Amino acid sequence: MIEVVLNDRLGKKVRVKCNEDDTIGDLKKLVAAQTGTRADKIRIQKWYTIYKDHITLKDYEIHDGMGFELYYN
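For the sequence shown, UniProt numbering begins at 1 and goes up steadily by one.
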(Lines of atoms letter the chains of each structure in order from A and count residues from 1; the text may use other names and numbers.)
(Lines give C-alpha, C1' and ligand atoms only; values in the text may rest on other atoms or scores of the structure.)
Protein backbone atom coordinates (compact mmCIF):
# COMPACT_ATOMS: atom_id res chain seq x y z
CA MET A 1 0.00 0.00 0.00
CA ILE A 2 1.16 3.48 -0.79
CA GLU A 3 -0.21 6.85 0.26
CA VAL A 4 -0.37 9.78 -2.14
CA VAL A 5 -1.24 13.39 -1.34
CA LEU A 6 -3.43 15.49 -3.64
CA ASN A 7 -3.65 19.25 -3.17
CA ASP A 8 -6.25 21.35 -4.98
CA ARG A 9 -4.63 24.69 -3.98
CA LEU A 10 -7.96 25.85 -2.54
CA GLY A 11 -7.32 24.63 0.98
CA LYS A 12 -8.21 20.98 0.48
CA LYS A 13 -5.46 18.39 0.81
CA VAL A 14 -6.49 14.75 0.41
CA ARG A 15 -4.43 11.73 1.49
CA VAL A 16 -5.39 8.52 -0.30
CA LYS A 17 -4.15 4.99 0.36
CA CYS A 18 -4.02 2.79 -2.74
CA ASN A 19 -2.08 -0.08 -4.30
CA GLU A 20 0.64 0.31 -6.92
CA ASP A 21 -1.42 -1.89 -9.26
CA ASP A 22 -4.37 0.56 -9.20
CA THR A 23 -4.98 2.75 -12.22
CA ILE A 24 -5.29 6.52 -12.18
CA GLY A 25 -9.03 6.00 -12.75
CA ASP A 26 -9.21 3.96 -9.53
CA LEU A 27 -7.33 6.72 -7.71
CA LYS A 28 -9.83 9.27 -9.01
CA LYS A 29 -12.69 7.15 -7.63
CA LEU A 30 -11.05 7.06 -4.19
CA VAL A 31 -10.52 10.82 -4.25
CA ALA A 32 -14.12 11.35 -5.37
CA ALA A 33 -15.37 9.31 -2.42
CA GLN A 34 -13.41 11.49 0.01
CA THR A 35 -14.11 14.89 -1.52
CA GLY A 36 -17.71 14.40 -2.64
CA THR A 37 -17.09 15.34 -6.27
CA ARG A 38 -17.68 13.12 -9.30
CA ALA A 39 -14.72 11.08 -10.52
CA ASP A 40 -15.13 12.22 -14.12
CA LYS A 41 -14.77 15.85 -13.04
CA ILE A 42 -11.34 15.28 -11.43
CA ARG A 43 -8.03 15.83 -13.23
CA ILE A 44 -4.78 14.67 -11.61
CA GLN A 45 -1.55 16.22 -12.79
CA LYS A 46 1.96 17.19 -11.75
CA TRP A 47 3.40 20.30 -13.40
CA TYR A 48 2.30 19.94 -17.02
CA THR A 49 1.87 16.16 -17.05
CA ILE A 50 -1.78 15.13 -17.03
CA TYR A 51 -2.16 11.51 -15.92
CA LYS A 52 -4.30 9.19 -18.09
CA ASP A 53 -7.01 7.05 -16.47
CA HIS A 54 -6.05 3.64 -17.87
CA ILE A 55 -2.36 3.61 -16.81
CA THR A 56 -1.32 2.13 -13.46
CA LEU A 57 0.53 3.96 -10.71
CA LYS A 58 3.44 1.55 -11.07
CA ASP A 59 3.83 2.45 -14.75
CA TYR A 60 3.98 6.15 -13.85
CA GLU A 61 6.53 5.30 -11.11
CA ILE A 62 4.37 6.80 -8.39
CA HIS A 63 5.78 6.00 -4.95
CA ASP A 64 4.71 6.39 -1.34
CA GLY A 65 4.30 10.00 -0.21
CA MET A 66 4.25 11.65 -3.64
CA GLY A 67 2.21 14.81 -4.07
CA PHE A 68 -0.03 15.77 -6.99
CA GLU A 69 -2.17 18.66 -8.09
CA LEU A 70 -5.93 18.12 -8.09
CA TYR A 71 -8.05 20.06 -10.58
CA TYR A 72 -11.78 20.10 -11.21
CA ASN A 73 -13.03 20.15 -14.82
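We put the beta carbon where it would ideally sit given N, CA and C, even for glycine.
Keep in mind that this is a model prediction, so the values were computed, not measured.
task: Put Ile24 into one of helix, strand or coil per three-state DSSP.
output: Counting from one through the sequence shown, the residue named residue 24 turns up at place 24. The answer is helix: DSSP assigns Ile24 an H, G or I state.
- request: Give a yes or no on whether the C-beta atoms belonging to Ile24 and Ala32 are separated by under 8 Å.
  value: In the sequence shown, the residue the question calls residue 24 occupies position 24. In the sequence shown, the residue the question calls residue 32 occupies position 32. No.
Beta strand (DSSP E) runs contained entirely in the UniProt domain "Ubiquitin-like" (2–73), provided each spans 3 or more residues: 2–7, 13–18, 42–46 and 67–72
message: With a threshold of 6 Å on Cβ separation, who are the neighbours of Phe68 within its own chain once the five nearest residues in sequence on each side are excluded?
response: Translated into the one-based positions of the sequence shown, residue 68 becomes position 68. Excluding positions up to five away in sequence, the list reads Leu6, Ile44 and Lys46.
Euclidean distance between Cα positions of Lys17 and Ile62: Position 17 of the sequence shown, counted from the first residue, corresponds to residue 17. Position 62 of the sequence shown, counted from the first residue, corresponds to residue 62. Going by the C-alpha atoms only, they are around 12 Å apart.
- prompt: Does the Cβ-Cβ distance between Thr37 and Val14 come in under 8 Å?
  reply: The sequence position of residue 37 within the sequence shown is 37, counting from 1. The sequence position of residue 14 within the sequence shown is 14, counting from 1. No, Cβ-Cβ distance for Thr37 and Val14 is not below 8 Å.
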